[in-house]
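Residue numbers (the numbering used here): 60 to 339.
Notes to accompany the following structure.
Okay, structure coming up:
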């Protein structure tokens, strides 16, 4: 399945030294993994078979055989797709194909790493929340604004301030009845982490939408929704990662809308009518 190599890359800095050796080898020579037994991998990585087994479990695989199958599928998928690296001399058709493929891969890879139980916890918390704060800066601020737009349409009290000081002010006044959602692909955006930490200290339930693996934002989050993407170029533009973040918001909104459809349908109708084109 796509996304397994990205998952290893995302978590590599949080692994134990013996497990990091295994991760380094797999990322450098993923094709080799398909043809060697566990004893040979342990030998090449100068570690033990037990360390390989622990590595597999740390990444969420059932065992070494499961790891081999997933990596093999990942390699096969990547060989079929156009790589998402855009070059300055690419023509229009090539750029269209590369960017589109890269965005699609981000969503498909996120399907592999997003935890269904964490999604359920997030939905339950958002359903019960009296107020929802969405925090994000830069490209993630656009995702936060999109989330506010969606949840306002079903009459959920929410904010998505683009000013970092306003985010902190709002976070400080949250209560145990509220929810704060921090959006940061890197998981290291100081403004977003600070706002989420302040919200948690105030008693609110905190949710993060971030890349797979441990990061500062996960340390201040009660619920963690992981996404993944392969940002090929122009990282500051946050292309594929933004698509994965928007997809996560759409998932949350759609589940909530389905659960409470009878209650919220009137709000959807009201807001649809309110923004409809009128003739004067």
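Where is the CB? At the ideal position from N, CA and C, for every residue including glycine.
These numbers were taken from a predicted model, which means no experiment stands behind them.
Residue i in three-state terms, based on DSSP
i	result
residue 192	strand
residue 126	helix
residue 270	strand
residue 283	strand
residue 264	strand
residue 107	coil
residue 160	helix
residue 174	coil
residue 117	helix
residue 95	coil
residue 154	helix
residue 73	helix
residue 148	coil
Cβ-based neighbour list, residue i, same chain, cut-off 7 Å, excluding 5 preceding and 5 following
i	result
residue 221	200
residue 230	192, 239, 254, 257, 258, 261
residue 113	78
residue 202	195, 242, 301, 304, 305, 308
residue 134	89, 90
Enclosing alpha helix (DSSP H) for residue i [first to last residue]
i	result
residue 79	76 to 87
residue 70	63 to 70
residue 275	275 to 278
First and last residue of the uninterrupted beta strand (DSSP E) at residue i
i	result
residue 327	Element bounds for residue 327: not the beta strand (DSSP E) but the alpha helix (DSSP H), 320 to 333.
Closer than 6 Å: residue i CB and nearest the ligand COA heavy atom
i	result
residue 237	With respect to the ligand COA, the structure offers nothing, as it holds no ligand at all.
Sequence-distant residues of its chain with Cβ nearer than 8 Å to residue i (five each side left out)
i	result
residue 205	305, 308
residue 86	64, 67, 68, 71
residue 115	121, 122, 123, 125, 126
residue 232	261
residue 73	272, 273
Beta-carbon proximity list for residue i, same chain, < 6 Å, skipping 5 on both sides
i	result
residue 97	108, 111, 123
residue 264	184, 238, 281
residue 46	Nothing can be reported for residue 46, as the shown portion of the chain is limited to 60 through 339.
residue 226	194, 220, 254
residue 294	Note that residue 294 scores a pLDDT of 46, beneath 50, so its modelled location is shaky and nothing firm can be said.
residue 101	107, 108, 111
residue 190	216, 237
Margin query: So within the segment 230 to 261, which uninterrupted alpha helix (DSSP H) runs reach at least 4 residues, ignoring any that extend past its ends?
Written below: 249 to 260
Note to self: Check whether the segment 312 to 327 and the segment 189 to 204 touch, using three or more Cβ-Cβ pairs below 8 Å as the test.
What the structure shows: no
Item checked: Complete runs of the beta strand (DSSP E) confined to the segment 177 to 228 [at least 3 residues] -> 191 to 194
Margin query: Counting beta carbon pairs with one atom in the segment 264 to 284 and one in the segment 234 to 245, are three or more of them shorter than 8 Å?
Written below: yes
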